[in-house]
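Working notes for the structure below.
There are 2 protein chains.
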Amino acid sequence: MEVTKIGEEGIIAIAQKATEVSSGVILGIGDDAAVVEIKGKLLVTTDLLVENVHFKRNYTKPEILGKKALAVNLSDIAAMGGIPRFCLVSLALPKTTEVNFVEGFYQGLKSMAKEYGVTLIGGDTTGAGSEIMVAVTVLGEALEEGVLTRSGAKPGDGVYVSGYLGDSAAGLYLLLKEKLGLLPEEVEKYLISRHLEPEPRLELGQLLCREKFATSTNDLSDGLVKKLQEIARSSGVEITINREKIPLSFALLTFCQQFTLKPLDLALHGGEDYELLFTVPAEKEEELFKLDLPLFKIGMVTGYDERGRVKAEDGVVLQDRGFQHF
Amino acid sequence: MEVTKIGEEGIIAIAQKATEVSSGVILGIGDDAAVVEIKGKLLVTTDLLVENVHFKRNYTKPEILGKKALAVNLSDIAAMGGIPRFCLVSLALPKTTEVNFVEGFYQGLKSMAKEYGVTLIGGDTTGAGSEIMVAVTVLGEALEEGVLTRSGAKPGDGVYVSGYLGDSAAGLYLLLKEKLGLLPEEVEKYLISRHLEPEPRLELGQLLCREKFATSTNDLSDGLVKKLQEIARSSGVEITINREKIPLSFALLTFCQQFTLKPLDLALHGGEDYELLFTVPAEKEEELFKLDLPLFKIGMVTGYDERGRVKAEDGVVLQDRGFQHF
């Protein structure tokens, strides 16, 4: 059945099933505006996902899309060290969209929302031409200790990432090029799930903020070099990374061997890894190591620099060249 | 020049020009999330505008679109009796979109934001297939006195609207059917501006809330009958309106005579008037009259009714039949 049969009211009814009564919500879906309460400072972030730009329906199940649409916003809250609380979800749907798609989307969204303590409080729904568009806004609370930004990095700080890089780009390659079946099943599954099912690093972000481990943070939604540049420019520093220290998964290496691609290209420019990138003052590094978290030191803040240059260990200035769609 | 030449960073730079330093903003555009402060309860509303569904580029100047995208959200805040504070604006743009369009859009948005004391704090920008999509989220503050909802109407309350109805539908007709030049110029100008440049009734909403004039409110984004039904169902009441009392502008009557359309059809089902619809307890009506505001009493809440029926003066039950696109 197509959405045009159930209309806007039908879609709202599906959305309402994806929300639960929760603390802080004074008025949820169904009036002109939602009314909520937030303690302290309010964090707000929003992301658009457009069909055929950010996802394709042939490889993205609606449940997975619902999860990812929320996850990418939660990753932004994580990078601020905050606690996500509420979300608004808007859908622009071509008339021929299946009702199953909408139901699956909200099921996925609900499961991710539940996992991270987020409540759906509103949104909008409308027709569209030929492409589905999803707009998600997440509201969160800042910790009492403050927020993490991109602008606090200082010379002497270590530069860290919270997980393997490049996996997501490899997963996307497999999906876009339809190259399934050439690699061990578990390798393919891992890489694809790293692209389709990112896990927002909320606990880590809050820990970095609460314990003042991080002087700056960014979420790796785009490529590493671009995100390093954002920190370097916002902080007015030069960052030097050691390319050999960039964490690469065994799956990525296997993938790159099969398709004769360079793993570092994917790790430096691939994007959508949704790991945290952050800087740690020297005097805090030992304390952080002791926590035995899956963290990787990939470089150092090596000086002040208004231009915010990012260099490799051999002095070469790294340029953001965006994600090469192969 | 097309937007693909200036890329995401170029678009963000244009958006940043549309924002100003203002109270309550701790961190605006340019980090993973915005950080703001709100006193008391938080109001949140969001709307999607999709090209060829909600607007066409051939008759909508980008400045006007920027204004309207914000205005329709402000109208929702008005219906809650709140004070708008911050907005997030996301744009999905086909690669061929002119940079002029983006600049004009943000200029229009900025002028409306300034007029109503709203600060742009974030958003997202992305490519799209063939249609422009605009997603706006507005954050506001509830008054200390509380919020207005759809659910407080009681038998005996008067039913009011804040302005002429049907004008917006008439303006849209002129634009869609390209019927310009057949009516006096000021009539056409008025009807078109009522469609393209709605004025959010924020002062009125706040007055109705602060002075407890209204027991329920709704904004007339869709047709009157649909919005009356929303109040009736949410409040569990029956509403009876007097069709002769529905305020119709001289321009609308002139328009309908020219094109042999029924003015009441446009007023009851046309939508997009963005006036406020609200109910007032009998004991408050005299006090409200004395304020000499442009308000029109169109009916009464005539009893309790779980089904939330809306009737005309002759007892006929009115059905929402949506907006007929002629």
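These protein sequence lines are chains Y and C, in that order.
Residues 1 to 326, numbered by full-length UniProt numbering, are exactly what the first sequence covers, in order.
Residues 1 to 326, numbered by full-length UniProt numbering, are exactly what the second sequence covers, in order.
Think of the CB as a built atom: it goes at the ideal place given N, C-alpha and C, for glycine as much as any other residue.
| message | Give me the chain Y residues within the contact set of Val36 of chain C, using Cβ-Cβ distance strictly less than 8 Å, ordered along the chain. | response | Lys41, Leu42, Val44
| task | Would you identify the three-state DSSP class for Tyr106 of chain C, choosing helix, strand or coil? | result | helix
| field | Segment contact flag, the stretch 146-166 of chain C with the stretch 107-120 of chain Y, C-beta cutoff 8 Å, min 3 pairs | value | no
| query | Who are Glu98 of chain C's beta bridge partners in DSSP? | reply | Glu98 of chain C is bridged to C:Glu2.
| field | Spatial distance of Ala282 of chain C from Ser168 of chain C (CA atoms) | value | 30 Å
| query | Between which two residues does the alpha helix (DSSP H) containing Lys68 of chain C stretch? | reply | According to the DSSP assignment, Lys68 of chain C belongs to the alpha helix (DSSP H) that extends over 62-79.
| 4 or more residues per run - each alpha helix (DSSP H) lying fully within the stretch 149-185 of chain C | 167-176
| query | Tell me the DSSP bridge mates of Lys297 of chain Y? | reply | Y:Tyr160
| said: Tell me the rounded alpha-carbon separation between Gly30 of chain C and Leu268 of chain Y. | reply: The alpha-carbon of Gly30 of chain C is positioned some 22 Å away from that of Leu268 of chain Y.
| Exposure label - Gln206 of chain Y; buried when at least 16 CB within 10 Å | buried
| query | Can you name, in chain order, every residue of its own chain whose Cβ lies under 7 Å from the Cβ of Glu188 of chain C, other than the five neighbours on each side? | reply | Leu174, Leu180
| Beta-carbon neighbours of Arg150 of chain Y, restricted to chain C and to distances below 9 Å | Those are Gly30, Asp31, Asp32, listed as they occur along chain C.
| query | In its own chain, which residues sit with a C-beta less than 8 Å from the C-beta of Glu98 of chain Y, not counting the 5 before and 5 after it? | reply | Exclusion of the five residues before and after Glu98 of chain Y leaves Met1, Glu2, Val3 as the residues of its chain whose Cβ lies within less than 8 Å of its Cβ.
| Best match in Y:Arg307, Y:Gly299, Y:Arg321 for proximity to Asp314 of chain Y [C-alpha to C-alpha] | Y:Gly299
| request: From the DSSP output, in three-state form, read off Ser90 of chain Y for me. | output: Shown here, Ser90 of chain Y sits in a strand according to DSSP, grouped into three states.
| How close, in whole Å, do the beta carbons of Leu220 of chain C and Tyr274 of chain C come, if the pair is a contact with beta carbons under 8 Å? | 6 Å
| message | If we define contact as Cβ-Cβ less than 8 Å, is Leu165 of chain C a contact residue for chain Y? | response | no
| Members of the stretch 217-236 of chain Y that neighbour chain C once the beta carbon cut-off is set at 8 Å | Thr217, Asn218, Asp219, Ser234
| request: Using a Cβ-Cβ cut-off of less than 9 Å, list which residues of the stretch 90-101 of chain C approach chain Y; keep chain order. | output: For the stretch 90-101 of chain C, the beta-carbon criterion of a distance under 9 Å to any beta-carbon of chain Y is satisfied by Ser90, Leu91, Ala92.
| said: So, with DSSP's three-state summary, where would you put Tyr304 of chain C? | reply: strand
| Going by DSSP, what residues sit across from Gly223 of chain C in a beta bridge? | Bridge partners of Gly223 of chain C: none, in fact.
| field | Nearest residue (CA-CA) to Asn242 of chain Y, options Y:Val317, Y:Thr149, Y:Cys256, Y:Lys290 | value | Y:Val317
| For Met133 of chain Y, which residues in chain C fall below 7 Å Cβ to Cβ? | Ala92, Met133
| message | Quick check on Glu287 of chain Y: does DSSP put it in helix, strand or coil? | response | Glu287 of chain Y: helix per DSSP, three-state reduction.
| field | Residue span of the alpha helix (DSSP H) that contains Glu244 of chain C, given as start and end | value | From DSSP, Glu244 of chain C is part of no alpha helix (DSSP H); its letter is neither H nor E.
| Segment limits, beta strand (DSSP E) that includes Gly127 of chain C | 119-128
| Which bits of chain Y does Ile26 of chain C rub up against, with CB to CB less than 7 Å? | Lys41
| said: Please report the distance separating the alpha-carbon of Pro155 of chain Y from that of Thr279 of chain Y. | reply: Rounded to the nearest angstrom, the gap between the Cα atoms of Pro155 of chain Y and Thr279 of chain Y is 10 Å.
| task | Could you confirm whether any beta carbon from chain C is found closer than 8 Å to the beta carbon of Met112 of chain Y? | result | no
| From Y:Gly10, Y:Lys17, Y:Leu43, Y:Ile11, residue whose alpha carbon lies closest to that of Ile26 of chain C | Y:Leu43
| request: Pull up the distance between the alpha-carbon of Tyr304 of chain C and that of Leu295 of chain C, whole angstroms please. | output: Distance between the alpha carbons of Tyr304 of chain C and Leu295 of chain C: 25 Å.
| message | Strictly below 7 Å CB to CB, what residues from chain Y border Asp124 of chain C? | response | Thr46, Asp47, Leu48
| field | Presumed contact (8 Å Cβ cut-off) between Val134 of chain C and Leu91 of chain C, rounded CB distance | value | 6 Å
| request: Say whether chain Y places a C-beta atom closer than 8 Å to the C-beta of Asn58 of chain C. | output: no
| field | Whole-Å CB distance - Leu148 of chain C paired with Ala214 of chain C, under 8 Å assumed | value | 6 Å
| said: Quick check on Asp273 of chain C: does DSSP put it in helix, strand or coil? | reply: In the structure shown, Asp273 of chain C sits in coil (DSSP, three-state: anything other than H, G, I, E or B).
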